[in-house]
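> Protein chains in written order, with my numbering: chain H, 21 to 169; chain L, 9 to 501.
Here a beta-carbon is modelled for each residue, glycine too, at the ideal position from N, C-alpha and C.
All of these numbers come straight from a predicted model, not from anything done at the bench.
Structure in C-alpha cells, see below.
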Amino acid sequence: MFQCEFPECTTFGTVIRFALELEKGAVAVYDEMSKDAKLTAGAETFRTLVAAHKKRGDLLEYTRREKLNEMIQEPIQDLDSRQYIPDLNRPQGADLKAASKFAAAIEQKSASFYGDMSKIAGNLLSEAARIMDRMAKENLANKAKLEAL
Amino acid sequence: MAVLSEVKKDWGKVRNFVNGEWVDSSTGKWLDVKNPATTDTIAKVPLSTKAEMDTAIDAAQEAWWAWRETPPVSRARVMFNLKQIMEREFENIARIITQEQGKTIDDARGETRRCIENIEVAAGITTLQMGYNLEDGAAANIDEEVIISPLGVFGVICPFNFPGMVPFWFWPYAVATGNTFIVKPSEQVPLTTQYMFKLIEEAGFPPGVVNLVNGREDAVSAMLDSNKVKGMSFVGSTPIAKWIYKRGGETGKRVQAQGGAKNSLVAMPDAKLDNTVNNMLSSFYGCAGQRCLAGSNLVAVGDIADPLLKKFIEASKKLKVGYGLDESSNMGPVISEAAKKKVLGYIDQGVKDGAKLLIDGRNIKVPGYEKGYFIGPTVFDNVTPDMKIAKEEIFGPVVSFLRMKQLDDAIEFIHRSPFGNAASIYTQNGRWARDFRYKVQCGNIGINVGIVAAMAYFPFAGYKNSFFGSLHGQGQDAVSFYTDRKVVITRWF
Chain H
21 MFQCEFPECT
31 TFGTVIRFAL
41 ELEKGAVAVY
51 DEMSKDAKLT
61 AGAETFRTLV
71 AAHKKRGDLL
81 EYTRREKLNE
91 MIQEPIQDLD
101 SRQYIPDLNR
111 PQGADLKAAS
121 KFAAAIEQKS
131 ASFYGDMSKI
141 AGNLLSEAAR
151 IMDRMAKENL
161 ANKAKLEAL
Chain L
9 MAVLSEVKKD
19 WGKVRNFVNG
29 EWVDSSTGKW
39 LDVKNPATTD
49 TIAKVPLSTK
59 AEMDTAIDAA
69 QEAWWAWRET
79 PPVSRARVMF
89 NLKQIMEREF
99 ENIARIITQE
109 QGKTIDDARG
119 ETRRCIENIE
129 VAAGITTLQM
139 GYNLEDGAAA
149 NIDEEVIISP
159 LGVFGVICPF
169 NFPGMVPFWF
179 WPYAVATGNT
189 FIVKPSEQVP
199 LTTQYMFKLI
209 EEAGFPPGVV
219 NLVNGREDAV
229 SAMLDSNKVK
239 GMSFVGSTPI
249 AKWIYKRGGE
259 TGKRVQAQGG
269 AKNSLVAMPD
279 AKLDNTVNNM
289 LSSFYGCAGQ
299 RCLAGSNLVA
309 VGDIADPLLK
319 KFIEASKKLK
329 VGYGLDESSN
339 MGPVISEAAK
349 KKVLGYIDQG
359 VKDGAKLLID
369 GRNIKVPGYE
379 KGYFIGPTVF
389 DNVTPDMKIA
399 KEEIFGPVVS
409 FLRMKQLDDA
419 IEFIHRSPFG
429 NAASIYTQNG
439 RWARDFRYKV
449 QCGNIGINVG
459 IVAAMAYFPF
469 AGYKNSFFGS
479 LHGQGQDAVS
489 FYTDRKVVIT
499 RWF
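If you want it as C-alpha cells, here you go:
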C-alpha cells in the first residue's frame with residue numbers, strides 16, 4: 021500500500037512536491053498493475069510507464085534543485101490544487117479495460133496539472149515551464165496508449 | 009501536508025574542526041542553539057577561547073606553504089569532489105538550514121544551490137588566478153609579468169541569516185587561490201557549518217587548510233589580533249562591521265566587512281501591478297525580512313500608490329506563516345526572542361510616530377508552533393521619510409509604505425539613507441530604469457527584481473554603511489581579495 025501527500029500549492033517548491041507525489045503515485049499504481057495476473061496483456065505497457073514516471077520524478081527533483089533561487093521565490097496564491105488530486109485507489113479485481121480506464125484518468129489529471137502549472141511557471145522559470153508543458157503532453161500520450169489497451 | 013522530517017532532532021554539543029580533526033572545546037561557556045519555530049533546544053554551541061582560535065590559526069599557518077605549493081589544478085579537484093558530495097547531501101543541508109534558521113525550505117534549497125555555485129566558480133581557479141605578461145614589456149629584451157599569489161591565513165565571521173551561503177562567499181575562493189582559512193559561524197546557527205565541514209573533510213582538503221572555530225567575542229578578537237591572519241571577511245550589522253574594519257586595519261589586515269541595510273523598492277506608475285506585487289512579496293517577507301537584500305521601504309511614485317497598496321495588502325494577508333519545513337509555508341519565524349522583541353519594538357515605534365498600521369503581525373499565532381518567534385506580515389501606510397521605521401534597519405517582515413510625487417523624490421530619499429546595499433525599481437520605462445540605475449548610490453540595483461542577489465560569479469556589492477572595504481565577496485573580487493600581485497621584470501644577459 022502506498023500513500024501520497026499532496027500539498028497546498030503556495031510556492032514553486034510545493035508545485036514540485038505535488039508533482040513528485042503525482043509521479044510517485046503513478047509509479048506505484050503501474051507497478052502494481054504490471055504484476056497483476058489479470059492484466060498480463062498490458063504488463064509491458066505498465067512496466068514502460070513505471071520507468072517513464074520514475075524518470076520524470078528524477079527530472080522534477082533536478083528542476084527543484086537547479087532552478088530555485090531567491091530571486092524567483094514568489095508566492096503562488098489563489099490556486100486550488102485539490103482539483104488536480106487523482107484517484108489512486110485502484111479498483112480491485114478490475115479487468116484490463118477497467119484498469120486502463122482508471123489509469124487513463126490519472127494521466128488526464130496529471131496532464132491538467134502540468135498544463136496549468138506550466139502557465140504559472142512561465143512567469144517564473146521558462147525552463148521549468150517547458151518541462152511541465154512536455155510532461156502534460158507525455159501524460160496525454162500515455163493516456164492514449166492506455167486507452168488503446 | 010506533513011512537515012518534512014529534520015535530519016536530526018538533537019545535535020548535541022557542537023565541535024570545532026581544527027587541523028583536520030574534530031575537537032571538543034574546553035570552554036566553560038556554552039549557549040543553547042534553538043529551532044526558532046519550535047523554540048526547542050537542538051544543540052549546544054561552545055564559545056571557544058582565544059587559545060582555541062590561536063591553535064586554529066597556527067594550524068592554518070602551518071598548512072599554508074604546502075597548500076600554496078599544491079598546483080591550482082589539484083586544488084580545483086578537491087573543489088570538484090566537494091561539489092559532488094554537496095549535491096548528494098543537498099536536501100539534508102537545506103533541511104538543517106531551515107531547522108536552525110527558520111527560513112522556508114524553498115529558501116533554504118535556494119541557499120544550498122548558492123553554496124554549490126560558489127564551489128563551482130572557485131573550481132575554475134586555474135583561469136581565475138592566471139597572471140599576465142608582456143614580452144619586452146619593460147624594455148627591449150626585458151620582459152615584465154604579473155604573478156597572482158596567495159597571502160596566507162584568512163578568516164570569516166558569519167551572520168545568522170544565511171548559515172550556508174555566507175561562508176561560501178569567501179572560503180572557497182581563499183582556499184582555491186592557495187590560502188588557508190578559518191570559519192567562525194554565527195553562534196545562533198552553527199549546525200549547517202558543522203555539517204558542511206563533515207563534507208569538507210570528506211572532500212579531501214589537507215589538514216589545517218579549512219578550519220572551523222565556534223564562538224563569539226573571544227574567538228573574533230583572537231582572529232583580529234593575530235598578525236598571522238592576513239585578512240578577514242565579515243557579514244553582520246553596521247556597528248560591528250565598522251569595528252572589525254577598524255580593528256583589522258590596525259593590525260594590517262585586509263578587511264571586507266558587510267554591514268546593515270535599508271532597502272527601498274520603488275514602484276513607478278507604469279509598473280505591472282500583479283508581477284510587481286508578487287515579486288515584492290518575496291523581497292519583503294522572504295527569510296522573514298532578515299536578508300540584507302530584503303525590501304523594507306515600499307516607495308510608490310504617483311498614482312500607482314492606492315491600487316498598489318490595495319493589492320499588496322490583499323496578497324500579504326494571504327501569505328501562510330509557519331514552520332519552514334512545512335513546504336506550503338511562505339514565511340517562517342525570525343531568529344530569536346531578542347530579534348522578535350526588536351522588530352516588535354519598531355512596530356510599536358511606527359504606531360507611536362503616527363504611521364497607519366494596516367496589517368499588524370504582532371500577535372500572530374501559528375497552530376502547533378505557538379511558542380515560535382513568529383511575526384506576521386506587517387504593513388504601515390502614511391510613513392514619512394523622517395520616521396524611524398523608514399530610516400533604520402528593522403530586519404523583520406515590516407513594510408513601510410511611502411508615497412512620492414516623482415522618481416527624483418524617491419532617488420533623493422534613497423540617497424539620504426546612510427545605507428547603500430540595494431534598491432529596486434519597478435517600471436516598464438527604460439529611461440526611468442536607466443536613471444535609477446545610474447543615479448542610485450547602492451551596490452545592488454534591481455530592475456523589476458526585488459532581491460538583487462548577485463550570483464557567485466559576480467561580486468556581492470554594497471555602498472556607504474553597508475560595506476567597508478574595497479573588494480567584495482564572490483567571483484573575481486574574491487580572488488583579488490585573497491591574492492596579491494607580484495610584478496617580475498626579467499632580463500637575461
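1. In the DSSP output, which residue or residues are listed as bridge partners for residue 264 (chain L)?
2. Distance check for residue 355 (chain L) and residue 400 (chain L), CA to CA, integer angstroms please.
3. Comparing alpha-carbon positions, which option in L:260, L:113, L:78 lies nearest residue 14 (chain L)?
4. Tell me the residue span of the alpha helix (DSSP H) that contains residue 204 (chain L).
5. Report whether the distance from the Cβ of residue 28 (chain H) to the nearest heavy atom of the ligand NAP is below 6 Å.
6. How big is the Cα-Cα spacing for residue 202 (chain L) and residue 227 (chain L)?
7. Would you list the one or two residues that DSSP bridges to residue 389 (chain L)?
8. What in chain L is Cβ-close to residue 93 (chain H), meaning under 7 Å?
9. Which stretch, first to last residue, makes up the alpha helix (DSSP H) that contains residue 397 (chain L)?
10. For residue 97 (chain H), go through chain L and note every residue whose CB falls closer than 7 Å to its CB, in chain order.
11. What first and last residue would you give for the alpha helix (DSSP H) that runs through residue 30 (chain L)?
12. Classify residue 519 (chain L): buried if its beta carbon has 16 or more other beta carbons within 10 angstroms, exposed otherwise.
13. For a test of the three-state rule: what should DSSP assign to residue 170 (chain L), helix, strand or coil?
14. Taking C-beta pairs closer than 7 Å, name the residues in chain H that residue 287 (chain L) reaches, listed in chain order.
15. Which residue marks the beginning of the beta strand (DSSP E) containing residue 169 (chain H), and which one marks its end?
16. Give me the residue from L:97, L:208, L:197, L:445 with the minimum Cα distance to residue 26 (chain L).
17. Just the chain H side, please: which residues come within less than 7 Å of residue 98 (chain L) by C-beta, in chain order?
18. Would you mind stating whether residue 408 (chain L) and residue 93 (chain H) have Cβ atoms separated by less than 7 Å?
19. Given this structure, state the Cα-to-Cα distance separating residue 333 (chain L) from residue 61 (chain L), to the nearest angstrom.
20. Give the interface partners of residue 121 (chain L) over in chain B, defined as CB-CB distance under 8 Å, in chain order.
21. Less than 7 Å between CB atoms is the rule here; does residue 33 (chain H) satisfy it with respect to chain L?
22. Measuring only the C-alpha atoms, how far is residue 361 (chain L) from residue 172 (chain L)?
23. Quick one, which residues of the region 65-90 of chain L are near chain H if we go by CB-CB under 9 Å, in chain order?
24. Applying a beta-carbon distance threshold of less than 8 Å, which residues of chain H neighbour residue 10 (chain L)?
25. Round the Cβ separation of residue 178 (chain L) and residue 219 (chain L) to the nearest angstrom and send it over; I've been treating them as touching at under 8 Å.
26. Can you find the residues in the same chain that come closer than 8 Å, C-beta to C-beta, to residue 359 (chain L), ignoring five residues on each side of it along the sequence?
27. So for residue 452 (chain L), helix, strand or coil by DSSP?
28. Can you give me the C-alpha to C-alpha distance between residue 57 (chain L) and residue 71 (chain H), rounded to a whole angstrom?
29. In chain order, what residues of the same chain have a beta carbon less than 7 Å from the beta carbon of residue 492 (chain L), not counting five sequence neighbours either side?
30. Taking the alpha carbon of residue 17 (chain L) as the point to measure from, which residue in L:115, L:28, L:151, L:52 has its own alpha carbon closest?
31. If we count the other Cβ atoms within 10 Å of its Cβ and call it buried at 16 or more, is residue 88 (chain L) buried or exposed?
32. State the Cα-Cα distance for the pair residue 74 (chain H) and residue 335 (chain L), rounded to the nearest angstrom.
33. Any Cβ of chain L within less than 7 Å of the Cβ of residue 167 (chain H)?
34. Let's test the definition: count the other Cβ atoms within 10 Å of the Cβ of residue 146 (chain H) and tell me whether it reaches 16, buried, or not, exposed.
35. Please name the residue in H:81, H:86, H:25, H:108 whose C-alpha comes closest to that of residue 48 (chain H).
36. What are the partner residues of residue 498 (chain L), as DSSP defines its beta bridges?
The relevant details are as follows:
1. Counting from one through the second sequence, the residue named residue 264 (chain L) turns up at place 256. In DSSP, residue 264 (chain L) forms a bridge with L:241.
2. The sequence position of residue 400 (chain L) within the second sequence is 392, counting from 1. The sequence position of residue 355 (chain L) within the second sequence is 347, counting from 1. Taking the straight line from one Cα to the other gives about 12 Å.
3. In the second sequence, residue 14 (chain L) corresponds to position 6, counting from 1. Ranking the options by Cα distance to residue 14 (chain L), first place goes to L:113.
4. Translated into positions along the second sequence, residue 204 (chain L) becomes position 196. That run of the alpha helix (DSSP H) goes 199-211.
5. The ligand NAP is absent from the structure shown, which contains no ligands of any kind.
6. As a working note, residue 202 (chain L) is residue 194 in the second sequence. As a working note, residue 227 (chain L) is residue 219 in the second sequence. So the two alpha carbons sit approximately 17 Å from each other.
7. As a position in the second sequence, residue 389 (chain L) is number 381, starting the count at 1. Residue 389 (chain L) is bridged to L:364.
8. Stepping through the first sequence from its first residue, residue 93 (chain H) is reached at position 73. Result: 114, 115, 118, 290, 294.
9. For the purposes of this step, residue 397 (chain L) is taken as the residue at position 389 of the second sequence. Unbroken alpha helix (DSSP H) run through residue 397 (chain L): 396-399.
10. Taking the first sequence and counting its residues from 1, the one referred to as residue 97 (chain H) is at position 77. Simply 323, 326.
11. Position 22 of the second sequence, counted from the start, is the residue given in the question as residue 30 (chain L). Per DSSP, residue 30 (chain L) belongs to no alpha helix (DSSP H); it is in the beta strand (DSSP E), 29-31.
12. Outside the displayed range of chain L (9 to 501) lies residue 519 (chain L), so it cannot be described from this structure.
13. Translated into the one-based positions of the second sequence, residue 170 (chain L) becomes position 162. Note: residue 170 (chain L) maps to coil in three-state DSSP.
14. By 1-based counting over the second sequence, the position of residue 287 (chain L) is 279. Residues of chain H passing the Cβ test: 94.
15. Along the first sequence, one-based indexing puts residue 169 (chain H) at 149. Premise fails: residue 169 (chain H) is in no beta strand (DSSP E) and is neither H nor E.
16. In the second sequence, counting from the first residue as 1, residue 26 (chain L) sits at position 18. With distances taken between Cα atoms, residue 26 (chain L) lies closest to L:208.
17. Translated into positions along the second sequence, residue 98 (chain L) becomes position 90. 85, listed in chain order.
18. For this step, residue 408 (chain L) is matched to residue 400 along the second sequence. For this step, residue 93 (chain H) is matched to residue 73 along the first sequence. No. Outside cutoff.
19. Indexing the second sequence from 1 puts residue 333 (chain L) at position 325. Indexing the second sequence from 1 puts residue 61 (chain L) at position 53. Cα to Cα, residue 333 (chain L) sits roughly 34 Å from residue 61 (chain L).
20. The structure shown contains no chain B; the protein chains it does contain are H and L.
21. Working through the first sequence from its first residue, we reach residue 33 (chain H) at position 13. Cβ-Cβ to chain L under 7 Å: yes for residue 33 (chain H).
22. For the purposes of this step, residue 361 (chain L) is taken as the residue at position 353 of the second sequence. For the purposes of this step, residue 172 (chain L) is taken as the residue at position 164 of the second sequence. Residue 361 (chain L) and residue 172 (chain L): Cα-Cα distance of roughly 38 Å.
23. none
24. Here residue 10 (chain L) is taken as the residue at index 2 of the second sequence, counted from 1. Those within 8 Å of residue 10 (chain L) in chain H are 25.
25. Mapped onto the second sequence, residue 178 (chain L) falls at position 170. Mapped onto the second sequence, residue 219 (chain L) falls at position 211. Contact flag wrong, Cβ pair sits at about 13 Å.
26. Within the second sequence, numbered from 1, the residue matching residue 359 (chain L) stands at position 351. Excluding positions up to five away in sequence, the list reads 365.
27. As a first step, residue 452 (chain L) must be located in the second sequence, where it is residue number 444. Three-state DSSP puts residue 452 (chain L) in a strand.
28. Taking the first residue of the second sequence as position 1, residue 57 (chain L) is located at position 49. Taking the first residue of the first sequence as position 1, residue 71 (chain H) is located at position 51. Straight-line Cα distance between these residues: approximately 56 Å.
29. Counted from its first residue, the second sequence places residue 492 (chain L) at position 484. Excluding sequence neighbours, residue 492 (chain L) sits near 157, 159.
30. Locating residue 17 (chain L) in the second sequence gives position 9, counting from the first residue. Closest option to residue 17 (chain L), Cα to Cα, is L:52.
31. What you label residue 88 (chain L) is simply residue 80 of the second sequence in a count that begins at 1. By the 10 Å Cβ count, residue 88 (chain L) comes out exposed.
32. On the first sequence, position 54 is the one that residue 74 (chain H) refers to. On the second sequence, position 327 is the one that residue 335 (chain L) refers to. Going from the Cα of residue 74 (chain H) to the Cα of residue 335 (chain L) covers about 22 Å.
33. For the purposes of this step, residue 167 (chain H) is taken as the residue at position 147 of the first sequence. No, residue 167 (chain H) does not count as interfacial toward chain L.
34. As a working mapping, residue 146 (chain H) is identified with position 126 in the first sequence. It counts as exposed.
35. For the purposes of this step, residue 48 (chain H) is identified with residue 28 of the first sequence, where counting begins at 1. With distances taken between Cα atoms, residue 48 (chain H) lies closest to H:108.
36. By one-based count along the second sequence, residue 498 (chain L) stands at place 490. In DSSP, residue 498 (chain L) forms a bridge with L:151.
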